[in-house]
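Have a look at the structure below before the remarks.
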């Protein structure tokens with residue numbers, strides 16, 4: 001069976017829920033609305049969570065909305081080949097970063113292409129992955145001078161966060177599965 005082609009871009013404007021976002025209940029409501037759009041949508045190549053126009057968010061809102069969203073993404077309960085955050089200003093970026101660091105999660109700032117959150121070990125890995133384009137784990141390991149298992153662990157975290165997309169590589173099976181990695185494509189210019 002041929003894999004389904006994913007070319008859809010979905011932009012989710014968080015501002016529709018208000019410009020000052022507070023409380024866990026509001027965070028849960030916002031996350032559930034996003035989940036509903038993902039369930040109803042065709043396969044998503046790239047999800048943009050747009051914070052443009054949001055003036056402030058409490059830590060409890062961010063944790064309930066974004067922290068739990070990234071848990072669902074990593075568990076495979078939500079499907080999008082890639083996720084980027086957009087429209088973050090200094091204040092909202094700080095709230096997102098604090099939430100992600102506390103949960104030991106990462107996200108991609110779609111405006112700067114920087115990793116946010118618990119990204120200390122992954123920043124160089126993500127930069128190298130972007131430079132390589134389409135690549136296999138062995139190519140990344142060689143470029144970074146790290147072991148293949150270490151490269152695979154880092155790539156797993158980047159895939160779980162929606163920073164990279166993974167596809168099964170074609171070719172002969174030599175005892176294990178091989179994958180290619182790349183940045184998510186949206187059908188529009190990235």
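Numbering (this note's numbering), first residue to last: 1 to 190.
Quick reminder that beta carbons are idealized off the backbone N, C-alpha and C, glycines included.
Separation of residue j from residue i, as counted between CA atoms
| i | j | result |
| --- | --- | --- |
| residue 4 | residue 142 | For residue 4, the pLDDT reaches just 46, beneath the cut-off of 50, and the residue's location in the model is therefore unreliable, although a value from the coordinates is still provided. C-alpha separation (whole angstroms): 31 Å. |
| residue 140 | residue 158 | 13 Å |
| residue 91 | residue 55 | 8 Å |
| residue 15 | residue 94 | 17 Å |
| residue 42 | residue 8 | 7 Å |
| residue 187 | residue 12 | In this predicted model, residue 187 has a pLDDT of only 46, less than 50, meaning its place in the structure is not dependable enough to derive any value. |
| residue 177 | residue 135 | 14 Å |
Contact check, residue i vs residue j, beta carbons under 9 Å
| i | j | result |
| --- | --- | --- |
| residue 85 | residue 44 | no |
| residue 181 | residue 166 | yes |
| residue 58 | residue 22 | yes |
| residue 65 | residue 30 | yes |
| residue 102 | residue 61 | no |
| residue 197 | residue 111 | With the chain running from 1 to 190 in the structure shown, residue 197 is simply not present. |
| residue 145 | residue 183 | no |
| residue 152 | residue 129 | no |
| residue 33 | residue 83 | no |
Chain-order list of residues whose beta-carbon lies under 7 Å from that of residue i (same chain, five-residue window excluded)
| i | result |
| --- | --- |
| residue 126 | 115, 158 and 163 |
Residues near residue i in its chain [Cβ-Cβ closer than 6 Å; skip 5 each side]
| i | result |
| --- | --- |
| residue 104 | 118 |
| residue 185 | 45 |
| residue 190 | Caution applies to residue 190, whose pLDDT of 43 falls short of 50 and renders its modelled position unreliable; the model cannot decide the point. |
| residue 150 | none |
Buried versus exposed call for residue i [16 or more other C-beta atoms within 10 Å across all chains shown]
| i | result |
| --- | --- |
| residue 39 | exposed |
| residue 81 | buried |
Nearest-angstrom Cβ-Cβ length linking residue i and residue j, presumed shorter than 8 Å
| i | j | result |
| --- | --- | --- |
| residue 99 | residue 67 | 5 Å |
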